[in-house]
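Using the numbering used here, the letters of the sequence shown correspond one by one to residues 201 to 448.
Glycine included, C-beta positions come from ideal geometry on N, C-alpha and C.
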Amino acid sequence: MTGDRFLLSSTMGTVAAGLICVLLQVGCASPAGRKAIPGRETCAVLDSLYRSSGFEKVIIMAGRATFDVEQYRVRGQFNLLAQANGDMGFEFSSGSLLGGQREDISISIVEGVIRVLDRERMKFYEREEVDVMLQDALDLDISAQEIVAIVLGALPPCNNLKNKKIHTSNSGEVVFSGRLADRQVRVVFDPEERRLRSLHWPVYFSTGEVDRLEASYLWAPSGSENQGLEEIVLLIEDRRWRIKLAAN
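Below, the structure written as structure tokens:
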């Protein structure tokens, strides 16, 4: 790998591609109850759970980001703004350390169009170009926009899933589960306010491999001055790719 392709893999593949692949679907109704709810009723319950998942409000986060993708670790500052209509903006920058490469990346979705700007290398990707970049850099065979939507609280395509059910765990969590192309899907809401706590979603590679995206969310305690999102941790399990966004 030489020239621009090397830069793409070692930098965009580290930050923008790493963020998208594990950034980017996944209620005011009563809880599901301990008896599992099967079939079409499950999708209606899931829809109402997402209406009070925490992501029905504007999400604003600023703080420290850590990317561990392939052999690279990159740390820096981030700003995230995500709206309930699916629009989002993400800024990440890292200063050079011990001769390391500075990063300055923007990712946005506006009216259904995803764009990635690498200011350091003056490279711009839009729409399907983002998916091609992910395939070239990380062998990911995914829709970048779909993954971003999943991670940022968009309702998953419930009708496309099989073996759907919702139940309440012994600890009070509301758990949705199903299967997508014979792969497990799982979404968990916390016991009290039904905010989104974690999700598991299959991730496909152009090599034919299938891995699993795990996203976990930490919310400020109920009654605190700031009740927003405090932390997102994203993990592609078998490959151990990890991104952590922690608010100041």
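Taking the Cβ atom as the reference point for each residue, do residue i and residue j lie within a distance shorter than 7 Å?
i	j	result
S253	L396	yes
V403	I436	yes
I314	A282	no
V310	D331	no
K362	T242	no
L249	F405	no
I443	F267	yes
Excluding five sequence neighbours on each side, which residues of the same chain lie with their C-beta closer than 7 Å to the C-beta of residue i?
i	result
R383	P402, V410
M261	L280, L429, L445, A447
P391	S371, G372, E373
Is it right to say residue i is buried, meaning 16 or more other beta carbons lie within 10 angstroms of its own, or is it exposed?
i	result
W441	buried
V374	buried
P357	exposed
D438	exposed
F324	exposed
E303	buried
M322	exposed
E291	buried
G378	buried
Q271	exposed
Going by beta carbon distance, what residues of the same chain come within less than 6 Å of residue i, once the five residues before and after it are set aside?
i	result
A415	V351, L399, L434
E431	L418, A446
L333	In the sequence under discussion, the amino acid at residue 333 is Met, which differs from the Leu named in the question. Closer than 6 Å at Cβ, skipping near neighbours: Y325.
Can you tell me the Cβ-Cβ gap for residue i and residue j, rounded? I've got them flagged as a contact below 8 Å.
i	j	result
A265	R273	Contact doesn't hold; Cβ gap of about 11 Å is too wide.
Step through the CB atoms of chain C and report whether any lies within less than 7 Å of the CB of residue i.
i	result
S306	Given the protein chain composition of this structure (a single chain), no chain C is represented.
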